[in-house]
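According to our numbering, the sequence shown is numbered sequentially starting from 244.
Cβ coordinates follow ideal geometry from the N, Cα and C atoms, glycine included.
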Amino acid sequence: MVTSSQLSRGAVTRATVVLIALRVGYAYNWFDLGPGLVPLGKEFGVGPAAWGLLTAAFLVGAGLLQVPAGFLARRYGARPVSLWGVALLALAGIGSALAPSFSILLATRLAAGVGAALFFSPAIGLVASLYPTGHRGLPVGTFATAFSVGAGLGVIGSSLLIPEVGWRGSMAVGGIMLGVIVLVALALVPRAAGAAPARREPRRPGWPAGLRFRGAWAIGVAFVGLEGASFATGQFIVPYGESVLGWSIGLAGVIGMLFVMPSFFGGPVGGALAERRPNHRTQLALATLLAAGVLSALPFVGLVGAVLIGCTFSFGYGFVYAVMYVLPHYWKEVPAEEIPLTIGLFNSIQLAGGAVVSFGFGYVVGAFSYRVAWEFLALAVAVALVALALVPPIASVAAGPPAGEGPDPTAGPGPSRTARGSGTPGSADRSAGTGSGRAGRAGD
Numbered sequence: 244m245v246t247s248s249q250l251s252r253g254a255v256t257r258a259t260v261v262l263i264a265l266r267v268g269y270a271y272n273w274f275d276l277g278p279g280l281v282p283l284g285k286e287f288g289v290g291p292a293a294w295g296l297l298t299a300a301f302l303v304g305a306g307l308l309q310v311p312a313g314f315l316a317r318r319y320g321a322r323p324v325s326l327w328g329v330a331l332l333a334l335a336g337i338g339s340a341l342a343p344s345f346s347i348l349l350a351t352r353l354a355a356g357v358g359a360a361l362f363f364s365p366a367i368g369l370v371a372s373l374y375p376t377g378h379r380g381l382p383v384g385t386f387a388t389a390f391s392v393g394a395g396l397g398v399i400g401s402s403l404l405i406p407e408v409g410w411r412g413s414m415a416v417g418g419i420m421l422g423v424i425v426l427v428a429l430a431l432v433p434r435a436a437g438a439a440p441a442r443r444e445p446r447r448p449g450w451p452a453g454l455r456f457r458g459a460w461a462i463g464v465a466f467v468g469l470e471g472a473s474f475a476t477g478q479f480i481v482p483y484g485e486s487v488l489g490w491s492i493g494l495a496g497v498i499g500m501l502f503v504m505p506s507f508f509g510g511p512v513g514g515a516l517a518e519r520r521p522n523h524r525t526q527l528a529l530a531t532l533l534a535a536g537v538l539s540a541l542p543f544v545g546l547v548g549a550v551l552i553g554c555t556f557s558f559g560y561g562f563v564y565a566v567m568y569v570l571p572h573y574w575k576e577v578p579a580e581e582i583p584l585t586i587g588l589f590n591s592i593q594l595a596g597g598a599v600v601s602f603g604f605g606y607v608v609g610a611f612s613y614r615v616a617w618e619f620l621a622l623a624v625a626v627a628l629v630a631l632a633l634v635p636p637i638a639s640v641a642a643g644p645p646a647g648e649g650p651d652p653t654a655g656p657g658p659s660r661t662a663r664g665s666g667t668p669g670s671a672d673r674s675a676g677t678g679s680g681r682a683g684r685a686g687d
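Following this line, the structure appears as structure tokens:
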């Protein structure tokens, strides 16, 4: 099996870059629908409530398959599962462009969500596998929030394309573009890096530890509101700007981009801090409450205020998600090969709950107004955060193993020591990999 130490720096860099490019294209195909809601609504004769159902369908597909994606990655390897998943997302994007009816469009968006689920949790472990313990925060954080670049490009790109080629042509562009990146990834991501682990003993019967760990469930519930808010703002800010504030579709697209793209800068900050500071609950709570607070002010501001709110909200969102995706790599209760499964679990909870929140937003818009809907969204973010109290803290990686445990013999010098010291049975170094034996996490 290939480990991170056996791959050349160039191979690691190429693989990381193409995986980040896939993350960008993947997110583009999430958010290229939003600016087309008004014209497709006119074509199919549907309004905001149906738009909410359409956006929720994607989240339902993504949520339902997160945990199965983790099981598949554990058995077959992260590389094939993630790449075939993102290929399905690309085909579903093209299928959405060809949908002859609203019900078919709903089905293609559901299929797109399934493809997204198969890609994400295996792919994030695959990125982590390329780097040693204590040095994963930056690449994982960058990968996680590359989503924001793709989402922003999806909003602004489709806003510019729709007047020229229509909403169907815009969605076709997204699907084709992602398909091309998939072909590049098949060539540049090493096959062995995504191989399933060679097991020396049969798995114990019963539910995997990653599905039983309290912290994973708590993380999932705590950010249901934030997930729904991110998706709802990304999809609805363009029609809100057009129909309520009188913005052109181009201007609305630019503002919509600011509600997602700046989180790219929050990701590296959050990812780096997650490996150097143990107070993760404080970090997560402050960033999330800041996002909820600025979102509640959206109905009362104009253009400049919307720009500031969008940037602040998306930076906070990126910070939170980077911290969230780094944490499982340092939960000593979760075996290394189960980290994609654990990430899949809390992603599944967030996406399923986020689908409800997103649909609720569309329903409130139709039943009341956008002003009420924005307050509903901010309240959902804050209320769900209560579950964060159940997330256990971890020791910072830079601080070394907890008291009473010896240094980790497999860790490298400096910051690559981890809270998984070697003094406790089963406390193997977190660099243990799904596809790389026990170093580099190449198969997560």
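| Query | Result |
| --- | --- |
| What is the rounded straight-line gap between the Cα of M500 and the Cα of V467? | 22 Å |
| For the alpha helix (DSSP H) that contains M504, what are its first and last residues? | No alpha helix (DSSP H) contains M504, which DSSP labels as neither H nor E. |
| Shortest alpha-carbon distance to L229 belongs to which of L421, F558, P571, Y319? | There is simply no residue 229 to check, as the chain begins at 244 and stops at 687 in what is shown. |
| Can you find the residues in the same chain that come closer than 6 Å, C-beta to C-beta, to T476, ignoring five residues on each side of it along the sequence? | F502 |
| Tell me whether the stretch 302-314 and the stretch 584-591 touch, counting them as touching only if at least three CB pairs, one residue from each stretch, are closer than 8 Å. | yes |
| Helix, strand or coil: which one does DSSP assign to E576? | coil |
| Is the closest heavy atom of the ligand SAH to the C-beta of L538 under 6 Å? | Ligands displayed in this structure: none; no statement on the ligand SAH is therefore possible. |
| With DSSP as the reference, label F274 as helix, strand or coil. | helix |
| At a cut of 8 Å, does the stretch 291-306 reach the stretch 349-367 through at least three beta carbon pairs? | yes |
| If you pair each beta-carbon of the stretch 264-279 with each one of the stretch 536-548, do three or more pairs fall below 8 Å? | no |
| For V566, does the count of other Cβ atoms within 10 angstroms reach 16, so buried, or fall short, so exposed? | buried |
| Would you check if the distance between the CB atom of V535 and the CB atom of A621 is smaller than 7 Å? | Note that residue 535 is Ala in the sequence shown here, rather than Val. The answer is yes: Cβ separation under 7 Å. |
| Considering only C-alpha positions, which residue in the set G458, R318, G597 is nearest to G471? | G597 |
| Measuring alpha carbon to alpha carbon, tell me which of V416, R322, V408 ends up nearest S372. | R322 |
| May I have the straight-line CA-CA distance separating G336 from F611, to the nearest angstrom? | 32 Å |
| Could you check how far apart the C-beta atoms of A461 and V481 are, in whole angstroms? I think they sit under 8 Å. | With a Cβ gap of about 34 Å, A461 and V481 do not count as contacting. |
| Excluding the 5 residues preceding and the 5 following Y269 in the sequence, name in chain order all residues of the same chain whose CB lies nearer than 8 Å to its CB. | V329, L332, A359, F362, F363, F390, G393, L421 |
| Where L570 and Y564 are concerned, what is the direct C-alpha to C-alpha distance, given to the nearest angstrom? | 10 Å |
| By a C-beta neighbour count over all protein chains shown, 10 Å radius and 16 as the cutoff for buried, is T256 buried or exposed? | exposed |
| Roughly how many angstroms lie between the CA atoms of I552 and R434, to the nearest whole one? | 43 Å |
| Looking only at its chain, what residues have a beta carbon closer than 7 Å to the beta carbon of R252, apart from the 5 residues adjacent to it on each side? | none |
| Can you list, in chain order, the residues of its chain with a C-beta nearer than 7 Å to that of S401? Leave out the 5 residues immediately preceding and following it. | D275, P278, G279, S413 |
| On the three-state DSSP scale, how would you describe Y374? | coil |
| State the CB to CB distance for the pair A465 and L631, rounded to an integer number of angstroms; the pair is presumed to be in contact (CB under 8 Å). | 4 Å |
| Go through the stretch 324-407 residue by residue and report every complete run of the alpha helix (DSSP H) that reaches 4 residues or more, in order. | 345-372 |
| For F466, name the three-state secondary structure that DSSP assigns. | coil |
| State the CB to CB distance for the pair I492 and P406, rounded to an integer number of angstroms; the pair is presumed to be in contact (CB under 8 Å). | 7 Å |
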